[in-house]
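Line order of the protein sequences matches chains A and B. Taken in order, the first sequence gives residues 305 to 581; the numbers are from my numbering. Taken in order, the second sequence gives residues 2 to 289; the numbers are from my numbering. Beta carbons: idealized from backbone N, C-alpha and C, even for Gly. No experiment lies behind these values; they were computed from the predicted model shown. As structure tokens, the structure follows; a few thoughts come after it.
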Amino acid sequence: MPASRSESVSYSNANASQAILRTVDLGVSFGGHQAVNAVSTSFHGGALTAIVGPNGAGKTTYFNLISGQIAASQGEVWLSSENVTALSVSQRARKGLGRAFQLTNLFPRLSVLENIRLVAQSMQSGRHHHGFDFWRIWSDAADLIEHATDILRSVSMAAQLGDPVATLSHGDQRKLEVAMLIAMNPTVYMFDEPTAGMSADEVPVVLDLIRDLKTHSHKTILLVEHKMDVVRDLADRIVVLHNGQLVADGEPAEVINSDIVQEAYLGTRGGARRGLM
Amino acid sequence: MNFSLQLLSGLAVGCIYSLVAVGFSMVYRAMGLVNFAQGDLMMIGAFIGYSIIVNLPGLPFWLVVPLAAAITACLGYAVAQSALWPAMQRGASQTYLVLLTLGIGIILSNGARLVWGANPLVYPIPLTHETLRIWDYPVPAVYPFIALTMVALIAGLNVLFTRTWIGLSLRAAADDAQTASVMGVNHRLASAISFALAAGIGAAAGVLYAPITFVSADMGMIGIKAFAAAVLGSLGSIPGSVIGGFVIGIGETLGGQLVSSEYQDSLAFLLMIGILLIKPTGLMGRKG
Numbered sequence: 305m306p307a308s309r310s311e312s313v314s315y316s317n318a319n320a321s322q323a324i325l326r327t328v329d330l331g332v333s334f335g336g337h338q339a340v341n342a343v344s345t346s347f348h349g350g351a352l353t354a355i356v357g358p359n360g361a362g363k364t365t366y367f368n369l370i371s372g373q374i375a376a377s378q379g380e381v382w383l384s385s386e387n388v389t390a391l392s393v394s395q396r397a398r399k400g401l402g403r404a405f406q407l408t409n410l411f412p413r414l415s416v417l418e419n420i421r422l423v424a425q426s427m428q429s430g431r432h433h434h435g436f437d438f439w440r441i442w443s444d445a446a447d448l449i450e451h452a453t454d455i456l457r458s459v460s461m462a463a464q465l466g467d468p469v470a471t472l473s474h475g476d477q478r479k480l481e482v483a484m485l486i487a488m489n490p491t492v493y494m495f496d497e498p499t500a501g502m503s504a505d506e507v508p509v510v511l512d513l514i515r516d517l518k519t520h521s522h523k524t525i526l527l528v529e530h531k532m533d534v535v536r537d538l539a540d541r542i543v544v545l546h547n548g549q550l551v552a553d554g555e556p557a558e559v560i561n562s563d564i565v566q567e568a569y570l571g572t573r574g575g576a577r578r579g580l581m
Numbered sequence: 002m003n004f005s006l007q008l009l010s011g012l013a014v015g016c017i018y019s020l021v022a023v024g025f026s027m028v029y030r031a032m033g034l035v036n037f038a039q040g041d042l043m044m045i046g047a048f049i050g051y052s053i054i055v056n057l058p059g060l061p062f063w064l065v066v067p068l069a070a071a072i073t074a075c076l077g078y079a080v081a082q083s084a085l086w087p088a089m090q091r092g093a094s095q096t097y098l099v100l101l102t103l104g105i106g107i108i109l110s111n112g113a114r115l116v117w118g119a120n121p122l123v124y125p126i127p128l129t130h131e132t133l134r135i136w137d138y139p140v141p142a143v144y145p146f147i148a149l150t151m152v153a154l155i156a157g158l159n160v161l162f163t164r165t166w167i168g169l170s171l172r173a174a175a176d177d178a179q180t181a182s183v184m185g186v187n188h189r190l191a192s193a194i195s196f197a198l199a200a201g202i203g204a205a206a207g208v209l210y211a212p213i214t215f216v217s218a219d220m221g222m223i224g225i226k227a228f229a230a231a232v233l234g235s236l237g238s239i240p241g242s243v244i245g246g247f248v249i250g251i252g253e254t255l256g257g258q259l260v261s262s263e264y265q266d267s268l269a270f271l272l273m274i275g276i277l278l279i280k281p282t283g284l285m286g287r288k289g
């Protein structure tokens, strides 16, 4: 693998000062293995950036470093103008990092509405202390309940308000996860393989939700995705990781056609390009 | 008639086991931890109740219960924040954590001996000696008080978990701590509050139990039976813990009457083993 960062398509560090999210030399190693190696890039508002790479490239680990699931061995994470590297997962979430996981992460024992309510209340600050108010009962918060119901309507789940999450189909659970992210109203949306494990007829529903977010919210959206048709369809920009290093970063057509990506992603040059496209 | 009285006695003891067992389940759900200090927190609550009664002799007994529970809950909060959470954050194994809670229990027990002495204490209140007449048989007057307080506490917990902001946060953190963190819930705070609530409920059980027995540093041994009740009902299930507490309480009392009171403890555990052999997931547990 002859690729080095100097060969990569340059995109990310232009206008870094206006970036919503920045990683600076971000990296982590596990027992001598450098899972993510000094990744420096920035992400701007109103754009969906796909993070691609072969299995084991470090995509999910990079996500975990940004959201705080894993502590970085080196480097920094900046959200707007604030260094959030030392903050906990929940603190980063309240600062505006909204994360969905590769495997659906919901609260199976709670109802659909309770899942959304939980997010809405944990984003409340001040005297409610992020949802830990002993004296506050839910019936006092009609506005938040209405807000949660509106979000469920927007993802066509209003009819399932009271259903326990454990009884939902996988597709509906993915929709609910997107709805929970919407309820967080984060600055940055992070989707890790949002269509993983979904049936063919469920995939477009979730992709439409992400497309709507991209079109209407003007938020920063990061998407880890293996399916290149999904990436081509949604992404404004592609970042390629390989062996934990950022090896390409730029416009989708430019990145997909670059030799470095052909080799990093497919292990071949030139001839396999049609397969990637 | 004797059977009915034994049943009442079993129900009263069952209430106590249920409350302590609920504490076991709450901590297990919130922190994934079997807290073997739960019985000793109950004992500390009973001693704190004793101190309140001695120092504030005019205070009605029904106020002693929440006061002792609140003070013990603060102690529980401090234990969770200072000892348990740091160990969990450093990736301590379950074996280590169980030993840690056992150690905390022993420290609490020895601390109680240091503060309140080694001799058993009796609550100096009329309720300790008063009796009611039921079917012309004398029944400790504290029994109805135990039952009413237990019902109020379980109803209060139900309201807390289903109707309040904090309850939803605690349920979510217990359901999936990682997701809760990502959604902005402070898992550390949720764990500490759950532990504190469990300690407070245990303390209430201790204060309620004290008038029908005496308070001593060894009182925490009840925690073992309450743990059996929680496992019997399915550890982590609050309704299961309540049912498990009654099964153990009634089972050991009636069994002790039929066989011999000397074998009450063995009967309680035999009951647990027998039920778990038939239903290994516990009474309220489901497979998978």
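DSSP, read as helix, strand or coil, puts B:V260 in coil. At a cut-off of 8 angstroms, the C-beta of A:F347 has no neighbouring C-beta in chain B. Residues of chain B with a Cβ closer than 8 angstroms to the Cβ of A:V423 are, in chain order, M184 and G185. Taking 8 angstroms as the cut-off, the Cβ atoms of B:V183 and A:S371 count as close. In the structure shown, the three-state DSSP call for A:R515 is helix.
Counting the other CB atoms within 10 Å of its CB gives A:T327 a total of 16 or more, which places it among the buried residues.
Around the beta carbon of A:G501, fewer than 16 other beta carbons lie within 10 angstroms, which makes this residue exposed.
Bridge pairing for B:Y138: B:I135 [DSSP]. For A:Q322, same chain residues with a beta-carbon under 6 angstroms away, outside a window of 5 residues either side, do not exist. Not a single C-beta of chain B is nearer than 8 angstroms to the C-beta of A:V551. Per the DSSP secondary-structure output, A:D553 pairs in a beta bridge with A:V543. Annotated three-state conformation of B:I251 is helix, per DSSP. DSSP lists no beta-bridge partner residue for B:P58. With 16 or more other Cβ atoms from the protein chains shown falling within 10 Å of its own Cβ, B:R30 counts as buried. Excluding the 5 residues flanking it on each side, B:I126 has same chain C-beta neighbours closer than 8 angstroms at I54, F62 and P212, in chain order. Within the region 141 to 172 of chain B, R164, T165, W166, I167, L169, S170 and R172 place their CB atoms closer than 7 angstroms to a CB of chain A, listed in sequence order. A:A487 and B:V143 have their alpha carbons spaced roughly 49 angstroms apart.
Within the region 144 to 174 of chain B, there are no complete beta strand (DSSP E) runs of at least 3 residues. Shown here, A:E380 sits in a strand according to DSSP, grouped into three states. Taking 8 angstroms as the upper bound on Cβ-Cβ separation, chain B lies near residues M484 and M488 of the region 476 to 497 of chain A. For B:Q179, at least one C-beta of chain A is nearer than 8 angstroms to its own C-beta.
When the beta-carbon positions are compared, A:E529 and A:E506 stay at least 8 angstroms from each other. The Cβ-Cβ distance between B:A70 and B:S192 does not fall below 8 angstroms. With fewer than 16 neighbouring CB atoms inside 10 Å of its own CB, B:S5 falls in the exposed class. Excluding residues up to 5 positions away in sequence, L352 lie with their Cβ nearer than 6 angstroms to the Cβ of A:L538 in the same chain. Taking C-alpha positions only, A:D467 is separated from A:S415 by approximately 5 angstroms.
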